[in-house]
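Student: Taking the numbering used here, the leading residue of the sequence shown gets 10, the next gets one more, and so forth.
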Amino acid sequence: MVREKLVKGFREGIVVPEGLIAHGRGEAFDYILGEKSRDFALRAERAAVALMMLSRKPVISVNGNAAALVAKELSELSDVLKVPVEVNVFHWSRERVERIAEWLKENGCKNVLYAGDAVIEEIEHCRRIVDKRGIYSADTVLVMLEDGDRCEILRRSGKKVIAVDLNPLSRTSKMADITVVNNVTRAIPEMVKFAKEMKSCSRDELKELVNSYSNESTIREALKAIADYVLSV
Ligand code: ATP
Ligand code: MG
10 MVREKLVKGF REGIVVPEGL IAHGRGEAFD YILGEKSRDF ALRAERAAVA
60 LMMLSRKPVI SVNGNAAALV AKELSELSDV LKVPVEVNVF HWSRERVERI
110 AEWLKENGCK NVLYAGDAVI EEIEHCRRIV DKRGIYSADT VLVMLEDGDR
160 CEILRRSGKK VIAVDLNPLS RTSKMADITV VNNVTRAIPE MVKFAKEMKS
210 CSRDELKELV NSYSNESTIR EALKAIADYV LSV
């Protein structure tokens with residue numbers, strides 16, 4: 010069913026062929042993680058939600074694959090957290106960006122940014138094209154299926170980066186402030202649930218969740234989980 014969603018997205022011009030390859034890479038990691046949300050992923054998801062709630066200007070960056078897989082769930086997350094969704098793609102064309110934005114709106118997204126009216130100079134590829142009101146001026150960016158180069162530049166420009174990435178060894182996973190080593194299809198609905206639960210948390214409680222979080226531990230635990238799982242079957 011997940012693959013069908015991507016194929017449909019591909020036929021509709023939302024997903025690019027490179028996205029299909031990236032998904033295959035993700036699936037391979039999901040397989041050796043046991044295809045379930047692990048404790049370290051749930052902890053990272055809670056810390057990620059807390060960080061978004063504490064941020065001055067958070068934004069959810071969405072590419073073609075993410076839109077094809079979890080448009081409804083991303084819309085809900087955007088709604089619960091009152092955070093805009095920005096269409097940001099590696100393979101850019103005005104037409105494709107508009108198509109993804111339209112798809113997100115059809116799936117309930119009320120706050121979609123895709124103006125492409127600003128540029129992050131340091132990024133060499135098309136992901137440099139951003140929205141002034143979104144990634145350009147954001148203090149925290151939630152990314153998924155992210156490229157390592159951009160993650161590094163976003164970090165260097167002083168932004169906090171939350172990544173959802175099934176590969177704990179990717180540059181993105183290592184560079185991000187918070188890495189959710191989980192499939193977006195599980196991570197985003199779980200984050201919606203946590204965001205609803207955590208609405209009643211005080212700022213101090215949210216800060217404690219963020220401050221006690223260690224991304225190094227997450228990566229280590231993810232690698233250990235893979236090793237244990239692979240050796241146990
Ligand atoms: P990096 O540039 O960060 O070193 P990369 O070049 O291997 O990583 P990219 O194509 O830049 O890979 O990023 C895509 C990432 O998204 C990969 O790490 C892949 O494992 C991950 N991925 C693919 N599908 C999913 C999914 N459904 N959920 C979460 N992560 C996924
Ligand atoms: Mg890459």
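Where a beta carbon is used, it is the ideal one built from N, C-alpha and C, also for glycine.
Taking a cut-off of 5 Å, which residues have a beta-carbon closer than that to any heavy atom of ligand 2, in chain order?
Tutor: Cβ atoms closer than 5 Å to ligand 2 belong to Asp-156, Gly-157.
Student: By the three-class DSSP mapping on this structure, what secondary structure does Asn-175 have?
Tutor: Correcting the residue type first, residue 175 is Leu in the shown sequence and not Asn. Looking at Leu-175 - three-state DSSP - the assignment turns out to be coil, as it is neither helix nor strand.
Student: With contact counted as at least three CB pairs below 8 Å, one residue from each stretch, are the stretch 67-82 and the stretch 22-40 in contact?
Tutor: Judged by Cβ distances under 8 Å, the stretch 67-82 makes contact with the stretch 22-40, as three or more pairs qualify.
Student: In terms of residue numbering, what span does the alpha helix (DSSP H) encompassing Glu-95 cover?
Tutor: First-last for Glu-95: 94-96, but that is the beta strand (DSSP E), not the alpha helix (DSSP H).
Student: Could you please give the first and the last residue of the uninterrupted alpha helix (DSSP H) stretch that includes Leu-29?
Tutor: Here the alpha helix (DSSP H) through Leu-29 covers 26-41.
Student: Could you say if the stretch 44-59 and the stretch 184-200 meet the contact criterion of at least three C-beta pairs nearer than 8 Å?
Tutor: The stretch 44-59, when compared against the stretch 184-200, does touch it at the 8 Å Cβ threshold.
Student: Among the candidates Glu-85, Ser-70, Lys-183, Ala-110, whose CA atom is the shortest distance from the CA of Val-201?
Tutor: Answer by Cα proximity: Glu-85.
Student: Measure from the alpha carbon of Leu-215 to the alpha carbon of each residue in Met-61, Lys-233, Val-71, then state which is nearest.
Tutor: Minimum Cα distance to Leu-215 is reached at Met-61.
Student: Please name the residue, chosen from His-100, Ile-41, Val-173, Ala-59, that lies closest to Cys-210 on a Cα-to-Cα basis.
Tutor: Cys-210 has its Cα closest to that of Ala-59, out of His-100, Ile-41, Val-173, Ala-59.
Student: Could you tell me if Ser-70 is buried or exposed, where buried requires 16 or more neighbouring beta carbons within 10 angstroms of its beta carbon?
Tutor: Flag for Ser-70 reads buried.
Student: DSSP state of Val-242, grouped into three classes?
Tutor: Note: Val-242 maps to coil in three-state DSSP.
Student: Find out if the Cβ-Cβ distance for the pair Val-170, Cys-160 is shorter than 8 Å.
Tutor: Contact: yes.
Student: With hydrogens ignored, establish whether the beta-carbon of Val-193 is closer than 7 Å to any heavy atom of ligand 1.
Tutor: Flag set: Cβ of Val-193 near ligand 1.
Student: At what residue ranges does the stretch 184-225 contain a whole run of the alpha helix (DSSP H), taking only runs of 4 or more?
Tutor: Counting whole runs of 4 or more residues, the stretch 184-225 contains the alpha helix (DSSP H) stretches 193-206, 212-220.
Student: Alpha carbon to alpha carbon, what distance is there between Val-106 and Asn-7?
Tutor: No answer is possible for residue 7: it lies beyond the span of the chain, which begins at 10 and ends at 242.
Student: Here's the rule: buried if 16 or more other CB atoms are within 10 angstroms of the residue's CB, otherwise exposed. What is Pro-67?
Tutor: With 16 or more other Cβ atoms within 10 Å, it is buried.
Student: Out of Glu-21, Cys-118, Lys-14, Asp-39, which one is the CA nearest neighbour of Ala-231?
Tutor: Taking only the C-alpha atoms, the option nearest Ala-231 is Asp-39.
Student: Just to check, is the beta-carbon of Asp-174 closer than 7 Å to a non-hydrogen atom of ligand 1?
Tutor: It does: the Cβ of Asp-174 is within 7 Å (strictly closer) of some heavy atom of ligand 1.
Student: Heavy atom of ligand 1 less than 7 Å from the Cβ of Met-153, yes or no?
Tutor: Because some heavy atom of ligand 1 lies under 7 Å away, the Cβ of Met-153 counts as near it: yes.
Student: Does at least one heavy atom of ligand 1 sit under 7 Å from the Cβ of Phe-49?
Tutor: Phe-49 Cβ: outside cutoff for every heavy atom of ligand 1.
Student: Taking only the alpha-carbon atoms, compute the straight-line gap between Gly-22 and Arg-180 and give it to the nearest angstrom.
Tutor: Approximately 28 Å, taken between the alpha carbons.
Student: Determine the burial state of Leu-240: buried for a count of at least 16 other Cβ atoms within 10 Å of its Cβ, exposed for fewer.
Tutor: The residue in question, Leu-240, is exposed, as its Cβ has fewer than 16 Cβ neighbours within 10 Å.
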